Amino acid sequence: MEKTQFKTESKRLLDLMINSVYTNREIFLRELISNASDALDKLYFRSLTDQQVGMSRDDFAIRIDADNVNRVLSISDTGIGMNREELEANLGTIANSGSLAFMQENQGAPDIDIIGQFGVGFYSAFMVSKKLTVVTRAYGEQQAYKWESEGLDGYLISEAEREGVGTDVILTLKDNREDDNYDEFLQEFKIRSLVKKYSDYIRYPIKMDVVKRRLQEGSDKDYESYVETETLNSMVPIWRRNKNELSDDDYYHFYREKFFDFENPLRVVHSSTEGKATYNALMFVPARTPYNYYSKEFEKGLQLYSNGVLIMDKCADLLPDYFSFMKGLVDSQDLSLNISREMLQHDRQLKIIAKSLEKKIKSELTDMLLKDRETYEKFYNSFGLQLKYGVYQDFGANKELLQGLLLFYSSREKALTTLSEYLERMPEGQKYIYYASGTSVDRIDRLPQTERVKDKGFEILYLTDDVDEFALKMLNEFEGKEFKSVSSGDLGLESEDEKKQVEQQSEEYKDLLAFMKESLKDKVSEVRLSQRLKTHPVCLTSDGALTLEMEKILNAMPSEHQIKADRILEINGGHPVFATLQGLFKDDKEKLAAYSDILYNQALLIEGLPIEDPVAFSNAVCGLMAEKP
0 MEKTQFKTES
10 KRLLDLMINS
20 VYTNREIFLR
30 ELISNASDAL
40 DKLYFRSLTD
50 QQVGMSRDDF
60 AIRIDADNVN
70 RVLSISDTGI
80 GMNREELEAN
90 LGTIANSGSL
100 AFMQENQGAP
110 DIDIIGQFGV
120 GFYSAFMVSK
130 KLTVVTRAYG
140 EQQAYKWESE
150 GLDGYLISEA
160 EREGVGTDVI
170 LTLKDNREDD
180 NYDEFLQEFK
190 IRSLVKKYSD
200 YIRYPIKMDV
210 VKRRLQEGSD
220 KDYESYVETE
230 TLNSMVPIWR
240 RNKNELSDDD
250 YYHFYREKFF
260 DFENPLRVVH
270 SSTEGKATYN
280 ALMFVPARTP
290 YNYYSKEFEK
300 GLQLYSNGVL
310 IMDKCADLLP
320 DYFSFMKGLV
330 DSQDLSLNIS
340 REMLQHDRQL
350 KIIAKSLEKK
360 IKSELTDMLL
370 KDRETYEKFY
380 NSFGLQLKYG
390 VYQDFGANKE
400 LLQGLLLFYS
410 SREKALTTLS
420 EYLERMPEGQ
430 KYIYYASGTS
440 VDRIDRLPQT
450 ERVKDKGFEI
460 LYLTDDVDEF
470 ALKMLNEFEG
480 KEFKSVSSGD
490 LGLESEDEKK
500 QVEQQSEEYK
510 DLLAFMKESL
520 KDKVSEVRLS
530 QRLKTHPVCL
540 TSDGALTLEM
550 EKILNAMPSE
560 HQIKADRILE
570 INGGHPVFAT
580 LQGLFKDDKE
590 KLAAYSDILY
600 NQALLIEGLP
610 IEDPVAFSNA
620 VCGLMAEKP
């Protein structure tokens with residue numbers, strides 16, 4: 000029998016299919032199973048209108064057989080099969096899709112989800128096989144046919160024998176090479192894992208004979224091997240079932256098994272949407288942060304299915320960065336896939352689904368915040384940092400979406416609070432939302448700059464994460480109230496009389512303050528009398544947008560240049576130390592210069608900033624201690 004040659008154009012395309020289109024050779028099993036499922040769908044559709052089919056839904060199945068001796072893998076179905084003309088058309092002409100033609104002829108038909116569209120998935124089998132054999136018998140015909148090919152050399156079609164309708168795809172695997180072990184595709188655990196990964200939710204059972212062991216009858220120690228036919232796939236995806244059919248345990252079991260977590264999720268988000276984009280989504284809020292979450296190794300994304308077939312394990316485009324903690328999957332038939340079904344075409348449908356998911360996640364988190372505060376705070380302790388990054392990123396484009404989800408520690412409540420809750424507690428006449436930054440709540444609580452604000456009875460938000468102050472700077476205000484650092488220049492706390500008193504005092508001692516500034520040189524931009532200190536002698540504040548805490552964070556990053564905030568040394572005019580400074584200004588300016596440096600270094604220590612010369616500071620303090628009273 001003369002071998003039929005592929006046309007020149009088909010040869011080039013076939014070579015492309017084998018060597019370029021698919022990046023992962025294990026995809027072949029997904030493609031062949033999907034083709035088998037399509038064949039079953041076609042016959043099932045025929046059975047709905049043709050009583051002569053004589054098959055029930057239970058008769059439809061896919062079977063996998065592995066022959067380790069001959070190194071042959073077979074995928075068989077009881078679907079509609081192909082006659083000689085269809086074999087020629089579908090397998091002899093690359094990219095001719097019978098499934099696509101079937102969908103076009105039966106648009107709107109119920110209960111039909113054809114997977115294949117391009118007519119190229121079959122040829123992925125050449126990535127692992129040196130010879131492909133297809134034995135098929137079409138529905139309504141008695142004669143079966145065999146199609147054989149070893150790749151680019153062409154194919155043979157001959158008459159064959161097959162007991163019933165359906166198709167057998169038989170792969171003779173390639174020889175093993177040093178870096179390529181094709182025998183793995185004959186191993187039970189490998190086949191089982193590939194079916195579980197890619198084809199678990201094919202609607203028809205995928206069956207395989209597996210060897211098991213059991214105690215011999217009448218023995219308590221001798222075992223025997225036996226063969227049992229197992230169904231490898233789940234068939235009905237949990238996300239396509241009605242919510243009222245599912246319990247929390249059903250969701251939790253699925254989550255732990257699917258996403259390899261030992262803890263139940265904090266929240267389950269199960270939604271189905273029809274309209275501009277039709278999809279099913281099943282998402283979970285994890286209980287704790289993955290070990291690599293804040294590293295470059297972490298990959299965000301949801302699993303993406305098309306008609307129950309896994310297309311992508313991590314589709315990053317479905318989740319914005321600030322919701323990257325979500326785990327789950329999306330199943331849609333509306334997505335435009337590329338020819339290999341390994342990647343998405345970036346189209347309008349994908350963007351619509353992503354936007355819808357964003358709104359759904361925001362809604363679920365808001366509901367958790369309002370109705371289950373304890374659980375939300377547990378979530379926030381794990382992933383709140385990511386929400387704050389989201390506020391800061393993209394020049395604040397998402398701040399309106401995220402600001403209601405933020406929590407900060409409250410000086411008054413001694414617990415986490417929302418910005419809305421802070422506003423509700425604000426006394427009449429308070430101009431700003433006050434905040435203070437530091438490495439811990441305890442450290443912030445002891446800052447001298449907080450004294451005056453607390454004394455006025457105003458609440459302070461304690462910011463302990465590096466991104467906190469940057470996020471608030473990006474927000475700028477919340478519901479008309481501006482954010483104000485307790486270390487900023489004007490706190491808006493002083494009465495007119497208090498302002499005049501400080502101005503008069505500053506004028507009186509302007510020469511003293513100028514001398515201290517001169518002695519400190521460029522370490523500070525100004526030395527001034529403080530309006531915020533009560534019991535502490537000194538503190539550092541800053542003017543401008545860059546605060547001292549932001550300075551520390553930015554300078555901790557790799558950079559050639561060190562950033563410095565506009566530092567101001569504030570002196571408490573009512574503290575006994577100031578009286579000492581006045582006396583030294585009259586009698587011993589040299590010692591006043593030394594005292595100024597000591598006070599500056601003390602202020603640095605209070606702020607958690609490094610001292611330029613710790614040895615000199617230590618010697619200066621010891622010198623004071625050595626002075627006779």
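Here the sequence shown is numbered in numbering that gives the first Met the number 0, starting from 0 and rising by one per residue. Using N, Cα and C, we set each Cβ at its ideal position, and we do this for glycine too. The structure presented is a predicted model; accordingly, all values stated were derived computationally and were not measured.
Going by DSSP, which residues form a beta bridge with residue i?
| i | result |
| --- | --- |
| V168 | I74, V133 |
| K145 | V134, S157 |
| R566 | S541 |
| A435 | Y461 |
| D330 | N279, Y304 |
| S409 | L460 |
| L415 | Y408 |
| S128 | L172 |
| A65 | L72 |
I'd like the list of long-range same chain contacts for residue i, defined as Cβ closer than 7 Å, with 5 residues on each side in sequence excluded.
| i | result |
| --- | --- |
| D260 | Y254, P285 |
| A60 | T77, Y203, P204, K206 |
| V210 | S224, V226 |
How should residue i be labelled, buried or exposed, when 16 other C-beta atoms within 10 angstroms of its C-beta is the threshold for buried?
| i | result |
| --- | --- |
| G383 | buried |
| E216 | exposed |
| M624 | exposed |
| F297 | exposed |
| F188 | exposed |
| D76 | buried |
| C621 | exposed |
| D174 | exposed |
| S529 | buried |
| H535 | buried |
| Q103 | Confidence is the limiting factor: at Q103 the pLDDT is only 46, short of 50, which leaves the residue's position unreliable, though a coordinate-based value still follows. Classification of Q103: exposed, given that the 10 Å Cβ count is below 16. |
| N69 | exposed |
| E1 | exposed |
| P109 | Residue confidence is low: P109 scores 46 on pLDDT, short of 50, so the model does not pin down where it sits. Its coordinate-derived value is still stated next. That one is exposed. |
| S617 | exposed |
| Q448 | buried |
| G31 | Sequence inspection shows Leu at residue 31; the Gly mentioned does not correspond to that position. Burial call: buried. |
| L301 | buried |
| I432 | buried |
| R29 | buried |
| D465 | buried |
| L603 | buried |
| G428 | exposed |
Within the same chain, show all residues whose beta-carbon is closer than 6 Å to that of residue i, passing over the 5 residues directly before and after it, in chain order.
| i | result |
| --- | --- |
| G395 | M473 |
| L265 | V284, A286, T374, F378 |
| R411 | E458 |
| I597 | A619 |
| L512 | V526 |
| E548 | S436, E468 |
| N67 | L185 |
| A470 | K387, V390, Y391 |
| R62 | S75, K206 |
| Y251 | N263 |
Which same chain residues end up closer than 8 Å to residue i when comparing Cβ atoms and leaving out the 5 residues on each side of it in sequence?
| i | result |
| --- | --- |
| L415 | E376, Y379, L406, F407, Y408, S409 |
| Y304 | Y200, P236, I310, L328, V329, D330, S331 |
| T546 | S436, E468, S484, S486, S487, A564 |
| S439 | T463 |
| V614 | none |
Notebook entry, point to check: What residue ranges within the region 467–503 form continuous beta strand (DSSP E) runs of no fewer than 3 residues, ordered along the chain?
Noted result: Taking only runs of at least 3 residues, the beta strand (DSSP E) segments lying wholly in the region 467–503 are 480–484.
Margin query: Runs of 4 residues minimum, wholly inside the region 167–237: which ones carry the alpha helix (DSSP H) assignment?
Written below: Counting only runs of 4+ residues, the alpha helix (DSSP H) found wholly inside the region 167–237 occupies 187–197, in chain order.
Item checked: Segment contact, 8 Å Cβ cut-off, at least three pairs: the region 508–520 with the region 549–565 -> Taking 8 Å as the limit for Cβ pairs, the verdict is that the region 549–565 does not touch the region 508–520.
Margin query: At 3 residues or longer, what runs of the beta strand (DSSP E) sit wholly inside the region 243–327?
Written below: Entirely contained in the region 243–327, the beta strand (DSSP E) runs reaching 3 residues are, in chain order, 266–272, 278–284, 301–305, 308–314.
Checklist line | Runs of beta strand (DSSP E) lying entirely within the region 499–535, each at least 3 residues, in chain order | finding: Whole beta strand (DSSP E) segments, 3+ residues: 525–528.
Notebook entry, point to check: So does the region 496–505 actually touch the region 477–487, counting three or more Cβ pairs closer than 8 Å?
Noted result: Verdict: no, contact absent.
Next item on the list: Inspect the CB distances between the region 143–153 and the region 125–134 and report whether three or more fall short of 8 Å.
Entry: Remark: three or more beta-carbon pairs, one from each stretch, lie closer than 8 Å, so the region 143–153 and the region 125–134 are flagged as touching.
Next item on the list: Only counting runs of 4 or more residues, tell me where the alpha helix (DSSP H) segments fall wholly within the region 369–397, in order along the chain.
Entry: Complete alpha helix (DSSP H) runs here, min 4: 372–391.
Margin query: Three or more C-beta pairs under 8 Å: does that hold for the region 384–392 against the region 316–330?
Written below: Below 8 Å, enough C-beta pairs join the region 384–392 and the region 316–330 to call them touching: three or more.
Next item on the list: Enumerate, from N- to C-terminal direction, the unbroken alpha helix (DSSP H) stretches of 4 or more residues contained entirely within the region 22–63.
Entry: Within the region 22–63, the complete alpha helix (DSSP H) runs of at least 4 residues are 26–48.
Check: Is the region 130–144 touching the region 158–172 in the sense that three or more CB pairs, one from each, lie closer than 8 Å?
Finding: Yes, they touch.
Checklist line | Every unbroken alpha helix (DSSP H) within the region 560–607, with a cutoff of 4 residues, ordered by chain | finding: The qualifying runs are 575–586, 588–606.
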